[in-house]
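Asker: Residue numbering for the sequence shown is -24 to -1, 1 to 687, as defined by mature numbering (1 follows the signal peptide of the UniProt record, and there is no 0). Okay, here's the structure, questions in a sec.
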Amino acid sequence: MSFQASLRAGLLLGLSFVALPAFAQVADDADEESRRNDIIVTGLAQDDSYAPKEAAVAGKSPAPLIEIPQSISVVTRTQIEDRNLFTIGEALQTVAGVTVMPFDGTNPDYRARGFVLDYAYDGVPSTFSSGVPEFDLVIYERLEVQRGPTGLFRGSGSPGGTINLIRKRGQDRLTASGALSAGSWNNYRGEFDIGGPVDATGRLRVRAVAALHDRDFFQEKSHTRKITSHAAVDYDLTPSTIIGASLSYQDTRAETPMTGQPALTNQQFLNFPRNFQHLPSWNLFKETTVEYAGEVKQQVGDWSLVVRGLHRQIPREWQDAFIQPGTGVDPGTLTAIYVNRRSEGENGKTAVDAYATGPFTLFGREHELAVGYSWDKRTSSFLNRSQMPARGTPANSRFSILNPDIVPIAPYAFTSRTDTDLRQSGFHAQVRLRPFEGFTLVAGGRISDFNNKTWTRAPSPNPAFTQGARANGKFTPSIGAVYYLTDNVTVYGSYSDIFTPQTPQRADGTVLDPRIGEQYEAGLKANLFNGQVNASAAVFRSKEKNRAFADTANPGFFVQAGKASIEGFEFEVTGRPMPGLDLVASYTNVKTEYEVAPAAQAGTVFDVFTPRHQYKFYARYEPAALGGAFAAASVNGQSGVVGAGIAGVREQAAFAIAGAQFGWRFTDQLRAFVSVNNILDKVYYQRVGSINTYNFYGEPRNFLVTLRANY
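Below you can see the structure in the form of structure tokens.
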């Protein structure tokens, strides 16, 4: 870590110790209830049960879940701490209908309803893509997932849905918590979270969060050390004006990160032990993520005017070797062709989201309106050097996978540079009309501009940016209706879509229109057991149209005739149906296929990574009669998938993974527990990749002991 990075991390970590005496003094000197009466609540931190009542992912202000006409799941801070969820990927493993796809060992992909999921941060949309680092879950209060197209507020993106990450904010009362964990494969972690008001009136509120996670993995040589810190401040400038800011920092060093095993050239799995590592020990990824975020909220009567912005910088560098794409391992010699490479550069993101939201009266009834504008820019700039194939001495390109350390490191001198500049902006509006009691019509639209440019230099002879995908004035609609069958049961229906610009050209030289992902959804939502349980059921049908289709009359050109279809249904129940029992349970059924495609694809599975059947169950029981003892059990299962393999040759059959947890609560502030994952030690593939990589074994049975304290 550089001196600057170390200093920044130290300042963030030290903030809590500087502020703690002030927090304690305020806690003694000020009346908590009077402070709360003067504070405008901007987050959802208080809604922290297994069955939260509201979510903000589908709009610009929190709305009751039973009044949102789309499928929404929420993972709250209570769930995160109860289940020891440390990463976004671990949290999404618990969410209905979401498949977690291991990628480069540190940054997974996430899929729902046949497509990847996009990101938003406190509602600010992001255009980040696969392989870009994300923060540890310790800096977030909760995680919300909307499944299906979310183009209304983000413009372009994936039809799969959006993950909305809600950051921790300054707090109106003193709280402090910490945790220590130790487990299998030298898995060690420590974290703390402290915050509260600094002044006696509670106008200035701060928070400091940090985590250190150092661990090996079941696969040999793989090791990661991650330092995360987050500082937030919120200030009531006036009784109706709040300003907030945060600084988040993360430093990650991944040595020979897990990328799965290769396969044999005959398409069979390698079938080596799960801990086998075919990559060199000198593979190294270093990533530093720094994010600055700010917010201004002005209350004007019942209306809120909000401006949010963020800027994220991610300097990265890596040196690695891997088996050349399109090739595998020779079954006779156990040798393979390797590629080695070296890269360094930076990913960047800047985004602004401004909106106004509030009630209005029409025909004697109150309705709600949100209007706004968002702009974001994603950039990347990387220097690269690679050898394909890597060559040893004497000149040969085949190396034994049993001795990968002899693969040479790529020469230091870079030979190319690649830059990208992606910008998107748009105006959006959403109205919630209540024409009569018990009925809500939710309608909205967005007009978006999108522009992506790339620049590849040396050895490329073209020194200028090349125009990539673009779209101007693209309209994205969304409409839904919600009807109360009873005070706590609603029925709903909705239509939503999203677009993805393309670069393939027609025979006349024009670029294909953007792909359109559209979804029709209907369902039921309910608050049961006096509001302690959320239940939902949904049926959906989606299509992605305008997919590029080879123009047989004009070789090398395309027509926008391809179409993929997705249909299915799901059920989800979360909450506390009886005292001491918390549960999360879901079932998802998804069918994907190429509806219009070349003859070899038509009628086949569109998303080979999404299982047809998927179920997730977790129950935690802490009966008062046992005086502090608690236990939990989980089962996640799915039907088989082919992935990037070949049916009948290299695929993953249906499987189920069970887990358990046992613990003791010593006091209301202190508890200890042990978690056992994959308790039956099931051997399975979390992802089936190609013959050169990404055949990821799921984790073998492992243990984690945790001590959690809070004040």
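Quick reminder that beta carbons are idealized off the backbone N, C-alpha and C, glycines included. Predicted model, so just to flag it, every value in this text is computed and none were measured.
Can you round the beta-carbon distance between V509 and G551 to whole angstroms, since I take them to be within the 8 Å contact cut?
Answerer: Rounded, the Cβ-Cβ distance is 3 Å, consistent with contact.
Asker: Across the stretch 64 to 79 and the stretch 482 to 497, are there enough close Cβ pairs to call them in contact, namely three or more that are closer than 8 Å?
Answerer: No, because fewer than three Cβ pairs between the stretch 64 to 79 and the stretch 482 to 497 fall closer than 8 Å, the two stretches do not touch.
Asker: Given a cut-off of 7 Å on the beta-carbon distance, is the pair Q495 and G81 in contact?
Answerer: Not closer than 7 Å, so no.
Asker: Note down the Cα distance separating F129 from L93, rounded to an integer number of angstroms.
Answerer: Their Cα atoms are separated by approximately 15 Å.
Asker: Quick one: what's S424 bridged to in DSSP?
Answerer: S424 pairs with G402, K450.
Asker: Output needed for L359: all residues of its chain with C-beta closer than 8 Å, excluding positions within five of it in sequence on either side, in chain order.
Answerer: S319, E320, G321, F390, S392, R393.
Asker: Applying the criterion that 16 or more other CB atoms from any shown protein chain within 10 Å of the CB defines a buried residue, is G277 buried or exposed?
Answerer: Classification of G277: exposed, given that the 10 Å Cβ count is below 16.
Asker: Using CA coordinates, which residue listed in A498, G444, I455 is at the minimum distance from T476?
Answerer: Among A498, G444, I455, the Cα nearest to that of T476 is on G444.
Asker: Of all the beta strand (DSSP E) runs that stay within the bounds of the stretch 29 to 97, which reach a length of 3 or more residues?
Answerer: Taking only runs of at least 3 residues, the beta strand (DSSP E) segments lying wholly in the stretch 29 to 97 are 47 to 51, 74 to 77, 85 to 88, 94 to 97.
Asker: So for V174, helix, strand or coil by DSSP?
Answerer: Of the three classes helix, strand and coil, the one that applies to V174 here is coil, per DSSP.
Asker: Have a look at W279 and K273 and give me their C-alpha separation to the nearest angstrom.
Answerer: Roughly 10 Å separates the two Cα atoms.
Asker: In angstroms with no decimal places, state the Cα-to-Cα distance between P101 and Q628.
Answerer: Those two C-alpha atoms are separated by around 34 Å.
Asker: Using CA atoms only, rank isn't needed, just tell me which of T528, F533, T586, A620 is closest to A575.
Answerer: That would be T528, whose Cα lies nearest to the Cα of A575.
Asker: Would you say N247 faces chain C, with C-beta separation under 7 Å as the test?
Answerer: Reference to chain C is not applicable here, since this structure consists of a single protein chain.
Asker: With a floor of 3 residues, list each beta strand (DSSP E) that falls wholly inside the stretch 175 to 243, ordered by position along the chain.
Answerer: With a minimum length of 3 residues, the continuous beta strand (DSSP E) runs that stay inside the stretch 175 to 243 are 180 to 192, 199 to 214, 217 to 231.
Asker: According to DSSP, is I385 helix, strand or coil?
Answerer: It is coil, neither helix nor strand.
Asker: Output the residue ranges of the beta strand (DSSP E) runs that lie fully inside the stretch 325 to 363 and measure 3 residues or longer, sorted by chain position.
Answerer: Counting whole runs of 3 or more residues, the stretch 325 to 363 contains the beta strand (DSSP E) stretches 341 to 363.
Asker: Quick check: what's the CA-CA separation for P28 versus V50?
Answerer: Between P28 and V50, the C-alpha separation is close to 7 Å.
Asker: Taking the beta carbon of E520 as the centre, do at least 16 other beta carbons fall within 10 Å, making it buried, or is it exposed?
Answerer: Under this definition E520 is a buried residue.
Asker: Just the Cα atoms here: how many angstroms apart are Y459 and V467?
Answerer: Looking at the two C-alpha atoms, the distance is approximately 5 Å.
Asker: Across which residues does DSSP place residue 720 in a beta bridge pair?
Answerer: Outside the modelled stretch of the chain, which goes from -24 to 687, sits residue 720, for which no answer is possible.
Asker: Note down, in chain order, each residue of its chain lying with its Cβ closer than 6 Å to the Cβ of D112, except the 5 sequence neighbours on either side.
Answerer: Closer than 6 Å at the Cβ level, and outside the excluded window around D112, lie A187, T204.
Asker: Measure from the alpha carbon of P84 to the alpha carbon of each residue in A96, G90, Y97, L68, then state which is nearest.
Answerer: Here the closest residue by C-alpha is L68.
Asker: Going by DSSP, name the residue or residues bridged to G137.
Answerer: The partner list for G137 (beta bridge, DSSP) reads R123.
Asker: Check whether the Cβ of N242 lies closer than 6 Å to any heavy atom of the ligand GTP, and answer yes or no.
Answerer: Summarising the ligand content, the structure contains no ligands, and the ligand GTP is consequently not present.
Asker: Would you give the residue range spanned by the beta strand (DSSP E) that A629 belongs to?
Answerer: From DSSP, A629 is part of no beta strand (DSSP E); its letter is neither H nor E.
Asker: Would you kindly report the start and end of the unbroken beta strand (DSSP E) that includes R149?
Answerer: That residue, R149, is in no beta strand (DSSP E); it is neither H nor E in DSSP.
Asker: Going by C-alpha to C-alpha distance, which of E546, G507, Y591 sits closest to M554?
Answerer: The candidate whose alpha carbon is nearest that of M554 is G507.
Asker: Rank P676, L680, S666, Y673 by C-alpha distance to the C-alpha of N242 and give the top, closest one.
Answerer: Ranking P676, L680, S666, Y673 by Cα distance to N242 puts S666 first.
Asker: Determine the contact status of Q406 and A346, defining contact as a CB-CB distance below 7 Å.
Answerer: Contact: yes.
Asker: Is the distance from the Cβ of G136 to the Cβ of T568 below 7 Å?
Answerer: No; because the gap between Cβ atoms is not below 7 Å, this pair is not in contact.
Asker: Spatial neighbours of P233 within its chain, please: C-beta separation below 8 Å, excluding the five flanking residues on both sides.
Answerer: Closer than 8 Å at the Cβ level, and outside the excluded window around P233, lie D80, G81, T82, S198, T200, N259, F261.
Asker: How would you call A440, buried or exposed, if buried means at least 16 neighbouring beta carbons within 10 angstroms?
Answerer: A440 is exposed by the Cβ-count criterion.
Asker: Helix, strand or coil for V681? Go by DSSP, reduced to three states.
Answerer: In this structure, V681 counts as strand in the three-state DSSP scheme.
Asker: DSSP state of F525, grouped into three classes?
Answerer: F525 falls in the strand class under three-state DSSP.
Asker: Under the three-state reduction of DSSP, which class applies to I115: helix, strand or coil?
Answerer: It is helical.
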